[in-house]
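See below for the structure under consideration.
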Amino acid sequence: MNPSAHSPSSYSTLAAASGFDGVLLEELRQLAAPRLTDAVRAVLALADDALFDFMQKAGGNTDQNRYIDAMRELRRRRTDIEDAFSTHLRACWESFLSRAPLSADEVMGAPSKDGLSLVSEDELESQIAARMLGQAMQKDCSAVALQVMQRLSWVGGRQPLEVETNPVGPAHIAIGLRAGFGVCDIPADIKLILFKLCERELPRPVAETYEHLNRHLLQAGVLPHLRSLPPSNPRAPAAPARSPATAYAPEPTPAERMDARQAEAYAPNERALFATLHELLRGWRQNTGAPAPAPMAEHVRPMSSNEMLSVLSLLQAEIPDGLRVAIQDPSQSVVQRIKSEVLSSVSRLGMDPNSTCLNPVDEDAIDLVGMLFDVLLDERQLEGSARELIGRLVVPFIKVALLDRRMFLRKEHPARRLLNAVAEACEGNQGETPAERTLLAKAEEVVQRLVVEFNENMAIFQVLEEEFRSFMDQHHKRVELAERRTTEAQRGRERLETARAFAAAELEKRVSGVALPPAMDVVMRRYWTHHIVVVQLREGEQSDAVKSALACGDSLLAMADAARSGESALAAVLPQISTGLLPVLSSSGCVGEAADALVDAVSDELRAMAVGKVQPVVNRPELLSDAAPVASNDSEPTTLRLVSDRTSLDFRQEDAEALRALPVGSWVEFVDAEGIAQPAKLSWVSPISSRLLFVNRRGMRVCVASVEELAALMREKRFSVRGANSAFERAMHQVLGQLRASTQGAVAAGQGGG
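Per this note's numbering, numbering through the sequence shown is continuous, rising by one, with the last residue being 767.
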């Protein structure tokens, strides 16, 4: 191809005419497709070695054989994988040419051929792995990918393109690989290894392909005004607002940052809020016995900003044993322990602890952060490693409070958002499932990176929060799938309960006060009611099938009435007994010889009744063992035992009314008999019984209850609406409540004494 074929001047003329250059687009396709396919081929060539390494680490012959089979399958289907990958990219390109670019999100979420909306766990894992691969490639080559997308949009007739619709973008490359791996009969966990291999090996050749496409487009004169891309590993100048791409650009020195902090011109309302916070802290110290900032003696000086940050950096690298004990022991105060550790660590910087004290402003920040973590560790369901993981954030967040007091005021502050995400990952997470262990491991990775990399550059919080939030979004999709399954299971239970109640009511109307012979009693109370339940679940209460089943029971009872009238009356109806009874028995699995024996037993009893000799069936007890009542699905344990008799409940009507208006998605808190609080989300309100279904963070059922039962628990202080579920906001709200309560209590005591 001759780049001069598309000079800037010739391209400008073409663009002015139509804005669509089919020749140049074909050149781009011929450049991109082989390069990307070659990149995939190179990764597949490495797959054998990667899987061989895993095979060597596998425990037994069975696991090793799985990897051997996977390697064999990959070699056999390698061409098919490449073809499926190329086919997807070709479809994306053709859709782009037809001005209807495919969205990666729509392709990923396309319904299955059988029309079902739920996907299997393996399919979900594959979707998540493909998304993470696309995000990894997008992150590594975002700048050049953006320019290629802009220029491609222009050449394609100025049609809008986004990351998800770019026909050669990372998202569609990842989906193409997913399609390729989909043709292989390989276990899901081994496919995830292949995705991870691609995540490691593909970004570099993909970025090189984009650079090649970008140069070709630039030589063709497409959008020459776009700024030139910086060299590799650029160091952007400092800026007030930083994106993740410039997160590690040069920052002001700690001294410059602290001086700026002291001189920062906050908005008037922010200054007023900070003044209120300081007053509340002062009142809290006076009224709770907490140590107040010590008056400065002549030989004592407050630590400078640089010194304070240096001491905190020492503590950030390794949690002191004393602070670790306070984190694990709810009876100890993180506030007092962290201040003690700061003062005892100044000697490591060559300062005299006896002549050094905390700056009062810094001490306020330490108190606020310490109280916040005291509340967070106390009220969140954090145990063991998850508790220590959250505790490792104490020192970094004190540094944030010193550098940027707005953290306490602004919900969108990146430090707050990161803490909320990590706390959500850790709360109630005991690592019981692979997904929970993966989530904990990712949270630990994020905290470790923060501890290692945070050196007064606040942008690291935004980088980590965006990365972790992206991971959490995929976790949430797993939870949503589990939640939908839980809802469907509960809906099935309620339909079953309703059908059973209907069958019991219909039985009661027919046999109440009626003496039936033993075999017919078994038929009516067990087989016939089961038949009614099955038919209603399948066809609906008002269906013709249910009416026919009810009529079948009526005909059996009519035979009993005929038997009481004598042999002649019975003889007229008895021949139809098999026709009416066998369908009832078959719905319970009673067929063949067992069904015939039961029909004979009922017939014998009816004949005996007709001649005045009703004999119980005592010689054939096996007839009763064939009955198959409906199995209950209520084997799943619930956290709470609730009273079903609403008339005996003690509750406030206003609480019940408020709970009726509680929107789906609201977070609440249950307290069990041991006083342990458990958060739960309102997932579904039954249209059948109006009961509320609550699930935990894994999407599993916690409780199903009526509003009256919940109101009774609320009166017993065993249930409450949680309000804000974000860790920082909820903890900060409680801290402010403690400070205000302390101040108001002191005022009331003073007025009483006066």
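From the three backbone atoms N, C-alpha and C, an ideal C-beta is built for every residue, glycine too.
Backbone secondary structure at residue i - three-state DSSP
i: R753; result: helix
i: T775; result: This structure leaves residue 775 out entirely; the chain is present only between 14 and 767.
i: V313; result: coil
i: T178; result: coil
i: V630; result: Bear in mind that a pLDDT of 36 at V630, under 50, signals an unreliable position, so the number given afterwards is only what the model happens to contain. Correct three-state label for V630: coil.
i: T446; result: coil
i: P47; result: helix
i: C565; result: helix
i: G404; result: helix
i: L215; result: coil
i: C439; result: helix
i: Q341; result: helix
i: H746; result: helix
i: N227; result: helix
i: F467; result: coil
i: H488; result: helix
i: L655; result: Unreliable positioning characterises L655 in this predicted model, as indicated by a pLDDT of 45, which lies under 50. The coordinate reading is nonetheless provided below. The answer is coil: DSSP assigns L655 none of H, G, I, E or B.
i: P409; result: helix
i: G363; result: coil
i: A674; result: coil
i: V348; result: helix
i: K424; result: coil
i: V196; result: coil
i: I701; result: coil
i: D609; result: helix
Bridge partners - residue i, DSSP secondary structure assignment
i: K694; result: W680, V708
i: R714; result: V708
i: G169; result: F33
i: F732; result: F683
i: C370; result: P315
Check whether residue i and residue j have beta carbons under 8 Å apart
i: S702; j: E507; result: yes
i: L226; j: L41; result: yes
i: R673; j: V720; result: yes
i: A512; j: V546; result: yes
i: V717; j: A693; result: no
i: V784; j: D380; result: In the structure as shown, the chain begins at 14 and stops at 767. Residue 784 is therefore absent and cannot be evaluated.
i: E618; j: A528; result: no
i: R217; j: A143; result: no
i: L675; j: L695; result: yes
i: A399; j: N442; result: yes
i: S568; j: G593; result: yes
i: V492; j: R710; result: yes
i: A330; j: V464; result: yes
i: A104; j: A184; result: no
i: V196; j: I94; result: yes
i: D685; j: R728; result: no
i: V559; j: V548; result: yes
i: V597; j: Y540; result: yes
i: Q555; j: I141; result: no
i: L59; j: R164; result: no
Assumed close pair residue i, residue j - CB separation to whole angstroms, cut-off 8 Å
i: L662; j: E742; result: Going by Cβ atoms, the distance from L662 to E742 rounds to 33 Å, so no, they are not a contact pair.
i: M537; j: L520; result: 7 Å
i: E469; j: K412; result: 7 Å
i: T542; j: A517; result: 7 Å
i: L325; j: K352; result: About 12 Å separates the two Cβ atoms, so there is no contact after all.
i: V219; j: I186; result: 6 Å
i: A158; j: Q148; result: At roughly 12 Å, the Cβ-Cβ gap does not stay under 8 Å, so A158 and Q148 are not in contact.
i: V359; j: F386; result: About 22 Å separates the two Cβ atoms, so there is no contact after all.
i: L583; j: R620; result: 7 Å
i: A438; j: M485; result: 7 Å
i: A83; j: I199; result: 5 Å
Interface flag, residue i vs chain C, CB-CB below 8 Å
i: Q443; result: In summary, chain C is missing from the structure at hand, where a single protein chain is found.
key: 4-residue-minimum alpha helix (DSSP H) runs that sit fully inside the region 62-119, ordered along the chain   = 74-110
Any alpha helix (DSSP H) of 4 or more consecutive residues that is wholly inside the region 517-587 = 531-535, 542-552, 557-578, 580-586
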